[in-house]
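Asker: Numbering (our numbering), first residue to last: 21 to 375. Think of the CB as a built atom: it goes at the ideal place given N, C-alpha and C, for glycine as much as any other residue. Quick caveat: nothing in here was measured; it's all calculated off a predicted structure. Below is the structure I would like to discuss, written out as structure tokens.
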């Protein structure tokens, strides 16, 4: 065993008045809070009224949790549907077992419904949340550290992770009957740490690239997905926990590869300026070019697959304040559309988002 190694916690569950407080859940909650704060800041910069991130969280988080659990169950069927499996354990999410791919897919579905309900374009929200999600993942991964789980192969490197034999139900290390010390299982690659650091790097990368190139139409989200998939592919190869294999590769490796290709295709095919919401002369939110707020993006209309339907504008009297209100479209001679020439192919009449 290496002389130097990262020690693991010997307990991941505490009780407060009989209520179990799980470190894994705390890490997820902290990740959600951090992501919500970052998303709120970025949405405000894009003209979204103050506080709407809370509505997104209410929709996205439950859908994300359900999606994460469904993905885990479908990719680990023997644990629940096999000869020794217990079907009711499908609902025991507190015993562990969620998948990030399902969390992102479920969260995206929840965000879709939230955007339709709020009258926000999903593509704008996707761009705003892009660096926030890897930040949440970076924090959430520390739940695996507390649970002594999802580590890699054995290693003699000084940053190896000392892992204990673990009682999942009790949420604590199994101790030696003699001296009461935790039984050491071995020293392994801390894949949770690798992924946490990678996710932090992805968050910074997406933020910097989006700041430099001002991606529009949700392309920043595609950058996040591609960058995460690259890291997940090589980190997944280090893991030794049971997994489904196809043609010699773990299922999550295939998922990372396919999702990466999908995100790359979207990034290459979909173009457009960064969007911003402003208020037109009728008090309705319209989508404009962030670089030219007086230019409605009617040449890149919001469709129903990417946000709110026609006729569902945000009620600004309830959603904005003096500080957070997005700016109105600059008027010209009393006409909000004045000065918007049609020489670039854009209509001179502002329109309400149709998604």
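For the stretch 215-246, list the beta strand (DSSP E) runs that are entirely contained and at least 3 residues long, ordered along the chain.
Answerer: none
Asker: Under a three-way DSSP split, which group does residue 260 fall into?
Answerer: Residue 260 falls in the coil class under three-state DSSP.
Asker: Sorted by chain position, which residues of the same chain lie with C-beta nearer than 8 Å to residue 55's C-beta, five sequence neighbours on each side aside?
Answerer: 149, 152, 153, 155 and 156
Asker: Consult DSSP for residue 206 and reduce its assignment to one of helix, strand or coil.
Answerer: strand
Asker: Are the Cβ atoms of residue 210 and residue 181 separated by less than 9 Å?
Answerer: yes
Asker: For residue 282 and residue 65, what's the separation of their Cα atoms in angstroms?
Answerer: Using only the alpha carbons, I get a separation of about 28 Å.
Asker: Apart from the five residues on each side of it in sequence, which residues of its chain come closer than 6 Å, Cβ to Cβ, to residue 118?
Answerer: 88, 89 and 92
Asker: May I ask you to report which of helix, strand or coil DSSP gives residue 31?
Answerer: If DSSP states are grouped into helix, strand and coil, residue 31 belongs with the strands.
Asker: Given this structure, state the Cα-to-Cα distance separating residue 18 from residue 302, to the nearest angstrom.
Answerer: With the chain represented from 21 up to 375, any question about residue 18 goes unanswered, as that position is not in the structure.
Asker: Does DSSP put residue 154 in a helix, in a strand, or in coil?
Answerer: helix
Asker: If we ignore side chains and look at the alpha-carbon of each, how far apart do residue 243 and residue 197 end up?
Answerer: 51 Å
Asker: What separation, rounded to the nearest whole angstrom, lies between the Cα atoms of residue 312 and residue 160?
Answerer: 38 Å
Asker: What is the DSSP secondary structure of residue 316, reduced to helix, strand or coil?
Answerer: strand
Asker: Look at residue 297 and residue 309 and say whether their C-beta atoms are less than 9 Å apart.
Answerer: no
Asker: Give me, in chain order, the residues of the same chain whose beta-carbon lies closer than 6 Å to that of residue 287; leave out the 5 immediate sequence neighbours on both sides.
Answerer: 239 and 242
Asker: Of all the options 31, 285 and 48, which has the alpha carbon lying nearest to the alpha carbon of residue 162?
Answerer: 48
Asker: In its own chain, which residues sit with a C-beta less than 6 Å from the C-beta of residue 84, not counting the 5 before and 5 after it?
Answerer: Non-local beta-carbon contacts of residue 84 in its own chain, meaning distances under 6 Å to residues more than five positions away in sequence, involve 123, 126 and 127 in chain order.
Asker: Assuming residue 271 contacts residue 95 (C-beta within less than 8 Å), just tell me the rounded distance between them.
Answerer: 6 Å
Asker: Checking the sheet assignment: what are the DSSP bridge partners for residue 187?
Answerer: Beta-bridge partners of residue 187 (DSSP): 192.
Asker: Do you know offhand how far residue 69's Cα is from residue 304's?
Answerer: 12 Å
Asker: Please report the Cβ distance between residue 170 and residue 259, rounded to the nearest whole angstrom; I am assuming they are in contact, meaning their Cβ atoms lie under 8 Å.
Answerer: 6 Å
Asker: Can you tell me the Cα-Cα spacing of residue 67 and residue 120, whole angstroms?
Answerer: Approximately 30 Å between the Cα atoms of the pair.
Asker: Which residue marks the beginning of the alpha helix (DSSP H) containing residue 138, and which one marks its end?
Answerer: 120-138
Asker: Can the beta-carbon of residue 279 be found closer than 9 Å to that of residue 245?
Answerer: yes
Asker: Would you please state the rounded distance, in angstroms, between the beta carbons of residue 79 and residue 131? I believe it to be under 8 Å.
Answerer: 6 Å
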